[in-house]
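Visitor:
Residue numbers (our numbering): 6 to 124.
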């Protein structure tokens, strides 16, 4: 699926200039009725320990494609989603074409949310 993901969680180890370096991200919010009831469980605060922990989930192919493409977003992770009330959730996978994760000052995943959530 071709889509774009933007993330303003600048304190996340996976955030690279507003793009997500993770190969797979998990959005939770099983009982959510608004975006504030969701969170990005893949969020990890920047730091050496978390940088090493996240290495097994790096989207290497997406990062290489992104190096050669400034015109489009190539670094789009797979998005697993447990927000069952979201219209973009299909079999716990996100089907939205433009996904926005918010968490400007987040230091934990509980301070993040999926702004794309629509009930």
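All residues carry an ideal CB built from backbone N, CA and C; glycine is no exception.
May I have a chain-ordered list of the alpha helix (DSSP H) segments no shorter than 4 residues that lie completely inside the region 28 to 114?
Guide: Listed in chain order, they are 53 to 58 and 65 to 72.
Visitor: Going by Cα to Cα distance, which pick from 21, 64, 14 and 29 is closest to residue 97?
Guide: Of the candidates 21, 64, 14 and 29, the one whose C-alpha sits nearest the C-alpha of residue 97 is 29.
Visitor: Hey, quick one: how far does the beta strand (DSSP E) through residue 12 stretch, first residue to last?
Guide: That run of the beta strand (DSSP E) goes 9 to 12.
Visitor: Whole angstroms are fine: how far does the CA of residue 12 sit from the CA of residue 24?
Guide: Computed Cα separation, rounded: 6 Å.
Visitor: Return the chain-ordered list of same chain residues with a C-beta closer than 6 Å to the C-beta of residue 108, the five sequence neighbours on each side being excluded.
Guide: These residues qualify, in order along the chain: 14, 116 and 117.
Visitor: Who does residue 21 pair with in a DSSP beta bridge?
Guide: Its beta-bridge partners are 24.
Visitor: Taking the alpha-carbon positions, what's the residue 114 to residue 60 distance?
Guide: If I take the Cα positions, the gap works out to 18 Å.
Visitor: Are the CB atoms of residue 3 and residue 123 nearer to each other than 8 Å?
Guide: The structure shown does not extend to residue 3, since the chain spans only 6 to 124, so no value can be given for it.
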